[in-house]
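>
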Amino acid sequence: MTELEQSLDLAFETMRNNALDVSESMFREALSNIAAMPDTSTRSLLLIRAYNGLSLCLSRLSQFEEAEQVSTLAVALLTNSTPYRYAADAYYFFALAKYYLSNFSDALPLLQKSYALAEAHQDAKLLGRAANTIANVFFNLGDYLKATEYYQISLVQVRLVGDSSGIAMALNNIGVVFRTTHDLKSALEVHEESLNIRRRINEVSGIAMSLNNIANIYSDMSDYHTALTFAKESLSIHEQLKDDYGTALSLNIIGRCYHYLGDVQTAFEHHWQSLLLRLKIKDRFGEILTYLALGELYAEIPSLPRRFPPESSTD
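Right under this line is the structure:
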């Protein structure tokens with residue numbers, strides 16, 4: 053293994069340990085060193101792998117537009133001789149950035165390419181990952197039957213390889229479908245199972261995600277004090293991870309709880325901070341939902357502060 057390959061391995065390991073700023077710097081340094089190499093097939097493979105890692109790291113840092121740009125570079129380097137795992141990652145991380153930018157129509161064909169590569173090589177782990185995010189797209193498009201079909205495919209595949217993280221993610225998303233179809237009891241059971249797995253394997257970002265989902269269910273049950281406990285724990289983790297996307301979600305849940313508990317001013321402040329984050333990361337779908345929440349508060353109390361975001365949406 054070359055020194056550059058070792059540096060990429062270390063960058064990926066650093067990202068798995070949630071040191072995202074350090075990992076980002078390591079990927080950028082590796083890319084700079086790879087760019088200085090002679091133009092060979094080895095150089096291209098190293099570039100693809102480094103671009104893939106940087107794109108994922110940027111997405112985890114909620115820098116979705118740059119993640120999309122970096123993935124464009126990785127996909128442009130793909131050839132018929134590219135190892136399928138590198139190609140599957142390139143398509144997947146490109147799709148992931150588009151997904152978080154709410155560009156579902158462009159994300160879906162890229163995910164299907166990643167899925168097809170995993171299926172052709174019978175790679176259960178990559179197949180489960182792609183199926184899960186394809187399901188997320190269908191969920192966001194309102195096709196819950198199709199979403200459930202792909203979540204079940206994902207769960208079967210990740211169980212085949214004993215991928216605890218993948219199992220937790222699939223269960224998490226099945227729980228979201230249960231909540232959307234108002235089966236709150238089943239939703240809570242599945243999310244608690246997902247959370248237990250994530251705590252066992254110490255998957256910090258996943259723990260925060262599960263806490264938010266459980267908070268949502270207790271909010272739906274009108275148990276706002278319990279919901280606040282889970283959402284505040286999630287907020288603390290997301291802030292530590294510098295995950296603006298997750299932080300914005302937690303802030304909205306907390307804001308909704310305070311709203312229904314009658315503390316409109318505190319609710320307003322949490323929704324407002326969420327809006328600023330959503331504008332920053334260009335989360336258009338979340339931005340709309342937050343505007344709606346703020347609109348409800350202004351309708352109740354017209355005397356709330358009139359504020360204007362430093363950067364408003366244009367699309």
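Using our numbering, the first residue of the sequence shown is number 53, and each one after it goes up by one.
Positions of the beta carbon are idealized from the N, C-alpha and C atoms, including for glycine.
What you are looking at is a predicted structure, and each value in this text was computed from that prediction instead of being measured.
Does DSSP put SER365 in a helix, a strand or coil?
With a pLDDT of only 47 at SER365, under 50, the local geometry of the prediction cannot be trusted, and no value is derived from it.
> Please tell me whether LEU130 and ALA119 are closer than 8 Å, where the distance is taken between their beta carbons.
no
> Can you confirm whether the stretch 231–244 touches the stretch 209–221 when touching is taken to mean that 3 or more C-beta pairs between the two stretches lie within less than 8 Å?
Taking 8 Å as the limit for Cβ pairs, the verdict is that the stretch 231–244 does not touch the stretch 209–221.
> From TYR103 to GLU352, what does the alpha carbon distance come to, in whole angstroms?
48 Å
> Out of SER274, SER114, VAL122 and SER217, which has the shortest C-alpha to C-alpha gap to ARG252?
SER217
> Spatial neighbours of ALA147 within its chain, please: CB distance less than 6 Å, with the 5 preceding and 5 following residues excluded, ordered by chain position.
ALA159, LEU162 and LEU163
> Output the boundary residues of the alpha helix (DSSP H) element that contains GLU55.
In the DSSP annotation of this structure, the continuous segment of the alpha helix (DSSP H) that includes GLU55 starts and ends at 55–68.
> Quick one: using the 10 Å Cβ neighbour count with 16 as the cut-off for buried, is HIS277 buried or exposed?
exposed
> Which class does GLN204 belong to by DSSP, given the choice of helix, strand or coil?
helix
> When we look at the beta-carbon of LEU193 and count the other beta-carbons within 10 Å, is it buried (16 or more) or exposed?
exposed
> Could you tell me the distance, in whole angstroms, from the CA atom of SER302 to the CA atom of GLY258?
SER302 and GLY258 have their C-alpha atoms spaced approximately 13 Å apart.
> Could you check how far apart the C-beta atoms of SER246 and GLY227 are, in whole angstroms? I think they sit under 8 Å.
7 Å
> Within a Cβ cutoff of 6 Å, which residues of the same chain sit near PHE337, ignoring the five residues on either side of it in sequence?
SER154
> If you compare alpha carbons, which of ARG308, ASP272 and SER274 is closest to LYS284?
Of ARG308, ASP272 and SER274, the residue nearest in Cα terms is ARG308.
> What is the C-beta distance between LEU293 and LEU72, in whole angstroms, given that I count them as a contact (C-beta under 8 Å)?
7 Å
> Distance check for VAL229 and SER365, CA to CA, integer angstroms please.
Because SER365 sits at a pLDDT of 47, beneath the cut-off of 50, its placement in the model cannot be relied upon, and the following sentence gives the value as read from the coordinates. For SER365 and VAL229, the distance between alpha carbons rounds to 29 Å.
> What did DSSP end up calling PHE360 once you bin it into helix, strand or coil?
coil
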